Amino acid sequence: MKYHILIVCLFLSCGLKAQQLLTLEQCREMALDYNKSLKTADLKWQEARSNKKEARTAYLPNVDGTGTVTYMPQMDNINVPGFFLPTASPGGEINGTSDVYFPGMNLETEELKVYQAQVAMQIPIYSGGQIRYANKMADKGVEIAGYAYQLQTDQVIYNTDQVYWQLVALKENLIVARKYVEMLESLEQQLKDMYELGLTPKSEQLKVTVQKNEAMLNLLRAENGFKILKMNLCQIIGIALNTQIDVTGQLNPEPEMPVMADGINMALSNRNELKMLDGQVDIANYRKKSITGSYMPSLGAQVSYGYNEIPDVMDGDWNTIASAQLSIPLIHWREKKHKVDAARLQKQQAELKLEETKEFVQLEVQQYMVQVNEAYEAILLARKSQLEAEESLEEVNASFEAGLNTTTDVLNAQAAWQNAHASLLKSLATFEIAKTAYYKGIGQLMVDQM
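Position one of the sequence shown corresponds to residue 1 (the working numbering), numbered consecutively onward.
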């Protein structure tokens with residue numbers, strides 16, 4: 001017997017070592033490391049930073065090098081025939097032909113080849129503020145991408161907390177359900193003994209048996225639901241679904257209400273959705289100014305150093321060329337007005353979207369506050385019901401032992417006891433989830449992953 005007990009203990013020990021114990025903080029960290037939507041948001045944030053760096057380069061000169069080789073295989077030599085040079089009057093009018101003869105010439109252009117090379121530097125001097133506004137838009141793009149990343153972070157944390165606290169509640173509920181089954185088994189055995197002594201009919205025992213079978217079925221369903229919920233948590237934190245895990249968190253039997261007096265103002269200041277929309281308004285305003293700047297005069301300069309050679313015609317030579325270009329928009333058939341109007345309307349749309357979202361945020365925070373209050377009140381009522389159910393069960397059991405209550409009374413009292421405990425656990429878990437939702441709603445989850 002001692003040998004068998006030792007073997008069983010060893011197996012249980014191995015099973016416990018293989019089981020991965022998880023705290024809420026660990027689950028949050030693992031979920032944030034694994035979540036693919038969050039990784040996508042991080043890539044978009046990196047993309048925005050790259051766009052910002054690209055926008056900065058518009059202030060710097062561009063240096064480009066080009067090289068060209070031209071070959072014309074079907075081109076022949078150019079022959080210029082001889083002729084007598086004309087004469088002209090002092091006023092420049094041709095009035096005859098002189099005795100001076102030009103003998104003509106032959107240009108070696110057969111299979112002409114042209115070699116060209118150039119290094120040019122272009123310098124923007126003034127572009128109506130387009131470069132400046134493009135950089136401001138890129139800066140806002142980085143801010144918006146950062147807010148989007150934090151918004152996704154908050155959502156991942158909320159989803160993780162929700163499943164975690166459901167697991168904690170269901171884990172404790174399984175203990176209650178098993179104890180309920182044990183209570184029914186004890187009552188069933190008691191009635192069986194009484195039936196064998198001829199003190200009660202068989203039907204009383206069968207009532208308990210039916211109730212016990214139903215309780216065992218509900219326990220089996222709860223255990224299966226617990227396994228599925230574990231798999232759900234495994235998926236969220238990015239580990240294999242069949243990993244043996246267990247949650248170490250415990251429901252606080254004496255929770256405290258969070259301070260929610262300034263919740264709406266905090267939400268209007270901290271919500272990432274509002275920060276993103278506010279950034280969109282700024283971008284629309286910069287876009288409007290950039291469009292206006294595109295119809296202002298622009299000035300640029302170019303300095304180039306190049307080489308040109310045509311074999312047998314022109315020797316190779318290096319030349320430096322400096323030039324400046326001033327572009328002044330004149331007539332564009334009111335194109336500027338239409339573009340500016342479109343940009344102004346886009347800005348107004350962004351402003352309306354921001355104001356509408358502020359209203360939705362205020363309503364949402366009010367709902368979260370109501371849910372927290374309801375969950376807290378539900379805990380108080382569930383705790384009261386639990387105490388009353390325990391007192392009732394003790395009294396009914398004592399009365400049953402004295403022959404003053406029926407089997408049905410005992411079954412009803414036990415069922416009420418089980419329901420009261422389950423209701424309290426559900427209320428405690430709902431309160432924890434409601435608090436997380438409230439803190440998410442006011443932008444105060446306080447998780448910095450940037």
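Beta carbons: idealized from backbone N, C-alpha and C, even for Gly.
Please read these numbers as outputs of a predicted model, since none were measured by experiment.
DSSP bridge partner residues for residue i (one or two, in chain order)
{"i": "D64", "result": "A120"}
{"i": "F84", "result": "Y101"}
{"i": "D246", "result": "L21"}
{"i": "Y305", "result": "V119, T320"}
{"i": "T70", "result": "V114"}
{"i": "N79", "result": "N106"}
{"i": "I228", "result": "Partner(s): none; I228 has no beta bridge."}
{"i": "M276", "result": "None, per the DSSP bridge assignment."}
Buried versus exposed, by CB contacts within 10 Å (16 or more), residue i
{"i": "L463", "result": "With the chain running from 1 to 450 in the structure shown, residue 463 is simply not present."}
{"i": "E204", "result": "buried"}
{"i": "R221", "result": "exposed"}
{"i": "Q280", "result": "buried"}
{"i": "H338", "result": "exposed"}
{"i": "G443", "result": "buried"}
{"i": "W165", "result": "buried"}
{"i": "A342", "result": "exposed"}
{"i": "I175", "result": "exposed"}
{"i": "M75", "result": "exposed"}
{"i": "M276", "result": "buried"}
{"i": "L381", "result": "exposed"}
{"i": "L170", "result": "buried"}
Between the CA atoms of residue j and residue i - distance to the nearest angstrom
{"i": "M72", "j": "M121", "result": "30 angstroms"}
{"i": "Q20", "j": "Y438", "result": "30 angstroms"}
{"i": "N35", "j": "N232", "result": "13 angstroms"}
{"i": "R271", "j": "L445", "result": "11 angstroms"}
{"i": "M105", "j": "S89", "result": "27 angstroms"}
{"i": "K440", "j": "N419", "result": "31 angstroms"}
{"i": "N242", "j": "A134", "result": "51 angstroms"}
{"i": "V168", "j": "Q250", "result": "6 angstroms"}
{"i": "V447", "j": "I328", "result": "In this predicted model, V447 has a pLDDT of only 45, less than 50, meaning its place in the structure is not dependable enough to derive any value."}
{"i": "A434", "j": "A215", "result": "30 angstroms"}
{"i": "A378", "j": "E172", "result": "18 angstroms"}
{"i": "R178", "j": "L219", "result": "7 angstroms"}
{"i": "S385", "j": "N265", "result": "37 angstroms"}
{"i": "T23", "j": "S423", "result": "24 angstroms"}
{"i": "K230", "j": "T292", "result": "58 angstroms"}
From the options, residue whose alpha carbon lies closest to that of residue i
{"i": "Q152", "options": "T40, T68, I245", "result": "T40"}
{"i": "R28", "options": "N159, L112, S127", "result": "N159"}
{"i": "L326", "options": "S392, M296, A240", "result": "M296"}
{"i": "Q362", "options": "G129, M260, Q280", "result": "M260"}
{"i": "G403", "options": "S127, Q346, L191", "result": "L191"}
{"i": "L268", "options": "L352, W318, K358", "result": "K358"}
{"i": "E143", "options": "L170, Q46, I157", "result": "Q46"}
{"i": "L345", "options": "D315, I283, Q366, D312", "result": "I283"}
{"i": "N468", "options": "S37, P124, I94, N51", "result": "No statement about residue 468 is possible, as the shown extent of the chain runs from 1 to 450 and does not include it."}
{"i": "M314", "options": "P86, T87, K113, G96", "result": "K113"}
Can you confirm whether the stretch 364-375 touches the stretch 277-291 when touching is taken to mean that 3 or more C-beta pairs between the two stretches lie within less than 8 angstroms? no
Taking contact to mean at least 3 C-beta pairs separated by less than 8 angstroms, is the stretch 126-142 in contact with the stretch 41-61? yes
Touching or not, the stretch 407-417 and the stretch 194-211, by the rule of three or more beta carbon pairs under 8 angstroms? yes
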